[in-house]
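Here the protein sequences come in this chain order: A and B.
Going letter by letter, the first sequence gives residues 32 to 153 in the working numbering.
Going letter by letter, the second sequence gives residues 1087 to 1239 in the working numbering.
Ideal Cβ placement from N, Cα and C applies to all residues, glycine included.
What follows is a set of notes on a single structure, which appears directly below.
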Amino acid sequence: MINPICDVANETRYALLNSTRVKENLAEIIIYANCVTNHWFALFLVISFFLAVFIGSLLMQFRFGGKFIRVETSFLASSFATLGFAIILETYSGILNPSYFVIILGMIILGIIANITSDDAF
Amino acid sequence: MAGFKDITLGFIILIAAMFFIYNFVGKYLEVTNPSSQLLTDEKYQIKKTINLTKDLTETMENVSLKTKKGLENSNPDAVTYSFLISKALFEIPKNVFSTVTKGFETIPEIIFKGFGGVGSQELVYFIISIVFLILGIIFIIYVIEFIRTGRAR
């Protein structure tokens, strides 16, 4: 997918970055990083956010619950957190591909199904 | 998880959660970034889901307005008044029932189309239709059991 911010708005291959642009809009940093990494930056930002919340939640469950942990709950919680992060990225067109947004929504559906079908759900 | 009640409860929770999430995402993006591809492109289905919920609430509002108008227009004749009240009492459950059936129509729109952008829509449709088929068969078996033994679950 061609990023409209990279190629149309600036009429160059990569977005331009200077202090004036950053001062006007802080999202320009992400847009620039996204352009020079061929649109991989936003995707990896989302994936790393998901992994950080997921592993952090699992470790917290280990600490508080001992051996009794539920992986699906961590998965659902991190999917929710990632959805919020993706919504923030989505407020600027062209940073995150909408397909990844739909994948996160699908992950939430799977997380809810995994939670309601586990043994101690209710 | 075991039992018909738990599975049904789980489905209701799932549908309610997706209802709220889709509405939240759509309404938030409508305010912050209306030109987002998620809203403008038909294949992501978020706009359509918002419109479905809007239709549901509009139907309920129309019913309440109609009933209110009917009561306001009536002369304070005791017989007519009681007739209108009983008519409204009949209308409310009828419309609640129609809202529920419309909600069942929105289930595929919310669940299946959530996977539409990924391309695994047919697979999910297949799996969930099997689950619904099993639920229907279990319900029929419970009804038969109730008729034969008199025990209801």
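- Assignment of tyrosine 1114 (chain B) by DSSP, reduced to helix, strand and coil, places it in the helix class.
- Around the beta-carbon of glycine 97 (chain A), fewer than 16 other beta-carbon atoms lie within 10 Å, marking it exposed.
- Under the DSSP assignment, asparagine 146 (chain A) falls in the alpha helix (DSSP H) whose first and last residues are 129 to 147.
- Its Cα nearest to that of threonine 104 (chain A), the residue A:Ile86 stands out among A:Ile86, A:Asn49, A:Ser50, A:Tyr123.
- A straight line joining the alpha-carbon of isoleucine 1171 (chain B) with that of phenylalanine 106 (chain A) spans about 51 Å.
- At least one CB atom of chain B sits nearer than 9 Å to the CB of valine 133 (chain A).
- Per DSSP, the unbroken alpha helix (DSSP H) holding glutamate 103 (chain A) starts and ends at 102 to 121.
- Annotation for valine 84 (chain A): Ser109, Ala112 place their beta carbon closer than 6 Å to its own, counting only its chain and skipping 5 residues before and after.
- Here the C-alpha atom of asparagine 65 (chain A) lies approximately 6 Å from the C-alpha atom of alanine 73 (chain A).
- Residue-level contact check: aspartate 1127 (chain B) touches chain A, since one or more beta carbons of chain A fall below 9 Å from its beta carbon.
- Within chain B, Asn1119 have C-beta atoms less than 8 Å from the C-beta of tyrosine 123 (chain A), given in sequence order.
- When C-beta atoms of the segment 116 to 128 of chain A are compared with those of the segment 1116 to 1131 of chain B, three or more pairs fall below 8 Å, so the two segments count as touching.
- Threonine 1143 (chain B) and isoleucine 1107 (chain B) have their C-alpha atoms spaced approximately 17 Å apart.
- Annotation: Cβ neighbours of leucine 1115 (chain B) in chain A (cutoff 9 Å, chain order): Ile118, Glu121, Thr122.
- Residue contact check for leucine 136 (chain A) against chain B: a CB pair falls below 9 Å.
- The segment 1135 to 1155 of chain B makes contact with the segment 1099 to 1114 of chain B: 3 or more CB pairs, one atom from each, lie closer than 8 Å.
- Alanine 58 (chain A) sits in coil when the DSSP states are folded into three classes, being neither helix nor strand.
- Judged by DSSP secondary structure, glycine 96 (chain A) falls within the alpha helix (DSSP H) whose first and last residues are 72 to 96.
- If the five residues before and after phenylalanine 132 (chain A) are omitted, its C-beta is found closer than 7 Å to the C-beta atoms of Ala117, Glu121, all from its own chain and listed in chain order.
- Cβ proximity to chain A below 8 Å picks out Ser1122, Gln1123, Leu1124, Asp1127, Tyr1130 from the segment 1122 to 1154 of chain B.
- Among the residues facing chain B, leucine 114 (chain A) is included, as its CB has a counterpart in that chain under 9 Å away.
- Collapsing the DSSP output to three states places glycine 1222 (chain B) in a helix.
- Here asparagine 1109 (chain B) is actually not in contact with threonine 1145 (chain B); their C-beta atoms are around 17 Å apart, not less than 8 Å.
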